[in-house]
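In order, the protein sequences belong to chains A and B.
Heads up: the first sequence begins at 39 in our numbering, then just goes up one per residue.
Heads up: the second sequence begins at 39 in our numbering, then just goes up one per residue.
2 protein chains.
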Amino acid sequence: MALSRQNQSFRIPCQQCPLREITHLRDFTADELEFVSRFKKGELVVEAGSTILVEGAHSAHLFTMLSGWAFRYKTLEDGRRQILNYLMPGDLVGLQGSIMGEMQHSVEALSPVILCVFERERLLTLYNLHPSLAFDITWIAAQEERILDEHLLSIGRRNALERAAYLIAFIFERGRRLELFDERRFIPLTQQHIADTLGLSIVHTNKTLKKLSSKGLLRWQERGCEILDPEGLLEVAGWTGLGEGKRPFV
Amino acid sequence: MALSRQNQSFRIPCQQCPLREITHLRDFTADELEFVSRFKKGELVVEAGSTILVEGAHSAHLFTMLSGWAFRYKTLEDGRRQILNYLMPGDLVGLQGSIMGEMQHSVEALSPVILCVFERERLLTLYNLHPSLAFDITWIAAQEERILDEHLLSIGRRNALERAAYLIAFIFERGRRLELFDERRFIPLTQQHIADTLGLSIVHTNKTLKKLSSKGLLRWQERGCEILDPEGLLEVAGWTGLGEGKRPFV
DNA sequence: CGCTTAGTTGAGTTCGTTCAACGACTGTGG
DNA sequence: CCACAGTCGTTGAACGAACTCAACTAAGCG
Numbered sequence: 039m040a041l042s043r044q045n046q047s048f049r050i051p052c053q054q055c056p057l058r059e060i061t062h063l064r065d066f067t068a069d070e071l072e073f074v075s076r077f078k079k080g081e082l083v084v085e086a087g088s089t090i091l092v093e094g095a096h097s098a099h100l101f102t103m104l105s106g107w108a109f110r111y112k113t114l115e116d117g118r119r120q121i122l123n124y125l126m127p128g129d130l131v132g133l134q135g136s137i138m139g140e141m142q143h144s145v146e147a148l149s150p151v152i153l154c155v156f157e158r159e160r161l162l163t164l165y166n167l168h169p170s171l172a173f174d175i176t177w178i179a180a181q182e183e184r185i186l187d188e189h190l191l192s193i194g195r196r197n198a199l200e201r202a203a204y205l206i207a208f209i210f211e212r213g214r215r216l217e218l219f220d221e222r223r224f225i226p227l228t229q230q231h232i233a234d235t236l237g238l239s240i241v242h243t244n245k246t247l248k249k250l251s252s253k254g255l256l257r258w259q260e261r262g263c264e265i266l267d268p269e270g271l272l273e274v275a276g277w278t279g280l281g282e283g284k285r286p287f288v
Numbered sequence: 039m040a041l042s043r044q045n046q047s048f049r050i051p052c053q054q055c056p057l058r059e060i061t062h063l064r065d066f067t068a069d070e071l072e073f074v075s076r077f078k079k080g081e082l083v084v085e086a087g088s089t090i091l092v093e094g095a096h097s098a099h100l101f102t103m104l105s106g107w108a109f110r111y112k113t114l115e116d117g118r119r120q121i122l123n124y125l126m127p128g129d130l131v132g133l134q135g136s137i138m139g140e141m142q143h144s145v146e147a148l149s150p151v152i153l154c155v156f157e158r159e160r161l162l163t164l165y166n167l168h169p170s171l172a173f174d175i176t177w178i179a180a181q182e183e184r185i186l187d188e189h190l191l192s193i194g195r196r197n198a199l200e201r202a203a204y205l206i207a208f209i210f211e212r213g214r215r216l217e218l219f220d221e222r223r224f225i226p227l228t229q230q231h232i233a234d235t236l237g238l239s240i241v242h243t244n245k246t247l248k249k250l251s252s253k254g255l256l257r258w259q260e261r262g263c264e265i266l267d268p269e270g271l272l273e274v275a276g277w278t279g280l281g282e283g284k285r286p287f288v
């Protein structure tokens with residue numbers, strides 16, 4: 039289903055992978071690079087708004103985001119949606135499904151996205167032959183866990199204004215490290231996405247974002263927001279930001 | 039600090055580990071068992087209410103719950119607390135810290151707890167020598183991620199009654215698989231714990247639990263709750279329960 | 001041109017909070 | 001033995017944050 043959207047098969051060799059240029063990401067050893075380049079099966083190009091993985095599916099593939107923005111979400115039967123996290127270059131997509139079988143969340147593209155495709159079964163080979171990469175994958179899973187911990191704290195215990203400030207600051211911080219922004223510092227989201235991430239209604243999200251705008255912390259544009267004052271957002275959120283240090287990718 | 043509470047050093051050999059008797063947990067191969075038993079450094083016995091790990095600490099240890107109940111939580115500076123998840127026998131404690139350095143949440147015992155102690159540095163050895171165990175650890179991390187996804191959906195999108203029903207059903211389901219219950223089916227928690235997990239005030243939590251009681255789904259006892267109707271709780275929550283299948287432990 | 005999607009704003013309602021008081025029980029020290 | 005403080009659970013009343021409903025702009029697209 040997702041793969042039917044694969045309209046191109048340009049295949050950037052891992053040696054020239056753009057992710058290796060990002061200083062925030064930890065580069066491979068020669069050995070690892072050699073293995074990963076054989077591990078990579080192809081690329082998947084997906085347009086904005088399309089679904090990359092669906093809850094309930096058993097995907098034969100595991101992906102790494104090469105470029106673009108996406109998000110993971112779950113829904114209740116009556117349609118209420120909760121966005122769990124956003125996906126950016128270097129993030130693994132579909133790890134849960136690869137390890138445990140069925141996907142329990144869906145993934146949708148926010149912008150045009152390019153994914154690097156791996157075959158799920160070969161993950162065992164990776165664990166057998168490359169303990170350092172296996173450790174990296176666990177690192178990535180543990181990092182995701184941390185982020186979810188932080189989101190839970192936010193949704194459970196911060197009020198609407200703090201929550202919104204935290205979310206925007208969080209996304210901005212991640213994007214900044216990945217060198218995704220130009221001077222405009224623009225995050226491509228609708229207010230509906232924000233609402234579904236914060237666990238608020240759109241109406242109240244709109245009013246909350248207005249408050250942040252009126253404090254000069256951000257500016258809402260068509261389909262996205264421009265960050266004006268990252269430190270101000272951190273302060274409103276009562277959040278210290280992500281820790282420093284490089285992160286691995288595969 | 040936590041280790042100063044180690045008042046006993048009984049050391050159950052891994053060969054006779056009680057967790058191996060639990061049918062829901064996947065047993066080791068002879069080879070793995072041999073390695074794990076050398077990996078184990080000792081045991082830590084902790085009394086109810088004491089802190090096992092503190093946010094901000096760099097623990098030299100990694101633990102597995104052998105018996106008892108505990109929980110993970112984070113707090114904001116002003117003291118607001120969010121409980122992230124509950125820990126039961128077979129769960130890894132402190133994996134995030136072991137892999138990424140600093141702990142970003144705290145862990146506290148709800149009942150007397152016995153932990154199996156491993157040394158953090160030896161985790162790399164495990165990855166090098168036992169890919170199957172390394173994979174299991176990733177499995178466990180991915181499982182935790184799933185649970186957090188589900189909690190996020192719950193806190194973000196379910197109302198108080200649904201949320202409470204989901205939480206109780208979730209804890210009950212996990213405990214049942216681990217054979218923790220006698221006929222009383224008693225979960226040892228205060229309403230404050232429930233409130234801090236649901237992201238609600240104690241007062242409203244109390245009123246919500248009363249509603250569940252009046253529907254005959256549970257009964258509140260001193261410092262805990264007795265499950266009367268697990269299916270009824272699932273129904274109120276609009277939740278299908280945890281999937282079936284064994285899970286690994288280390 | 002109508003249709004759809006995204007964002008905005010106001011009014012009234014509901015869900016959950018805060019404040020406050022009280023009962024039951026436990027443990028402690030005099 | 002009683003007095004006292006501390007924790008846990010319970011309940012009522014008033015308040016407020018966030019929700020729903022509804023109406024309305026503005027932009028984009030066939």
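The beta carbon of each residue, even a glycine, is placed where N, CA and C say it ideally should be.
| query | result |
| --- | --- |
| The stretch 193 to 204 of chain A touching the stretch 140 to 155 of chain A, judged by at least three CB pairs closer than 8 angstroms | no |
| Residue burial classification, A:W274 (beta-carbon count within 10 angstroms, cutoff 16) | It should be noted that the sequence gives Val, not Trp, for residue 274 of chain A. When all chains shown are included, A:V274 counts as buried. |
| Backbone CA spacing between B:E182 and A:L218 [nearest angstrom] | 29 angstroms |
| Chain B contacts from the stretch 125 to 145 of chain A (Cβ-Cβ distance under 7 angstroms) | L133, Q134, I137, M138, Q142 and H143 |
| Residues near B:Q229 by beta carbon distance below 7 angstroms, same chain, minus five either side | I240, T243, N244 and L247 |
| Residues sharing a beta bridge with A:T102, DSSP | A:L130 and A:C154 |
| A:K70, enclosing beta strand (DSSP E) - first and last residue | At residue 70 of chain A the sequence reads Glu, which differs from the Lys that was named. Looking at the DSSP string, A:E70 is not in any beta strand (DSSP E); the run it does join, the alpha helix (DSSP H), is A68 to F77. |
| Where B:A172 meets chain A, residues with beta-carbon distance less than 8 angstroms | Y165, P169, A172, F173 and T176 |
| Contact with chain A by B:K120, beta-carbon distance below 9 angstroms | Per the sequence shown, the amino acid found at residue 120 of chain B is Gln instead of Lys. Output row for B:Q120: interface = yes. |
| CB contact check: B:K284 to chain A, cutoff 9 angstroms | no |
| Alpha carbon of B:E159 to alpha carbon of B:I121, nearest angstrom | 28 angstroms |
| B:L125 - DSSP class collapsed to helix/strand/coil | strand |
| When A:T102, A:E93, A:G276 and A:A95 are compared against A:P286, the one with the closest alpha-carbon | A:T102 |
| For A:R110 and A:V145, believed in contact at Cβ under 8 angstroms, the rounded distance | 5 angstroms |
| Endpoints, the alpha helix (DSSP H) within which B:G270 is located | P268 to A275 |
| Residue interval of the alpha helix (DSSP H) (run including B:R212) | A198 to R215 |
| Euclidean distance between Cα positions of B:Y124 and A:P51 | 44 angstroms |
| Alpha-carbon to alpha-carbon, A:W107 and B:E93 | 31 angstroms |
| Under 8 angstroms by beta carbon: chain A residues contacting B:Q181 | M138 |
| Beta-carbon spacing of A:L133, A:L57 below 9 angstroms | no |
| Inter-stretch contact (C-beta, 8 angstroms, three-pair minimum) for the stretch 205 to 214 of chain B and the stretch 168 to 178 of chain B | no |
| Below-9 angstroms beta-carbon distance, A:I193 vs any chain B residue | yes |
| Beta carbon proximity, A:D65 to chain B, threshold 9 angstroms | no |
| Any C-beta of chain A under 9 angstroms from that of B:R212 | no |
| Simplified DSSP assignment, three categories, for A:K245 | helix |
| CB contact check: A:R110 to chain B, cutoff 9 angstroms | yes |
| Whole-Å CB distance - B:P268 paired with B:A207, under 8 angstroms assumed | 6 angstroms |
| Chain-order list of residues whose beta-carbon lies under 7 angstroms from that of A:N45 (same chain, five-residue window excluded) | Its pLDDT being 43, under 50, A:N45 is placed unreliably by the model, and nothing is read from it. |
| Integer Cβ distance of A:L250 from A:A198, believed to fall under 8 angstroms | 10 angstroms between Cβ atoms; not a contact. |
| Same chain only: Cβ atoms within 6 angstroms of A:A40, ignoring 5 sequence neighbours per side | Only weak support exists for where A:A40 lies, its pLDDT of 41 falling under 50; the value from the coordinates is given anyway. Cβ within range, chain order: I90. |
| Proximity below 9 angstroms, CB of A:L272 to CB of A:L256 | no |
| Per DSSP, the bridge partner or partners of A:C263 | A:I225 and A:W258 |
| Rounded C-alpha distance that separates A:G95 from A:D129 | Reading off the sequence shown, one finds Ala at residue 95 of chain A, where the question assumed Gly. Spanning the two alpha carbons is a distance of roughly 20 angstroms. |
| Proximity below 9 angstroms, CB of A:R119 to CB of A:D234 | yes |
| Length of the line joining the Cα atoms of A:G80 and A:L227 | 28 angstroms |
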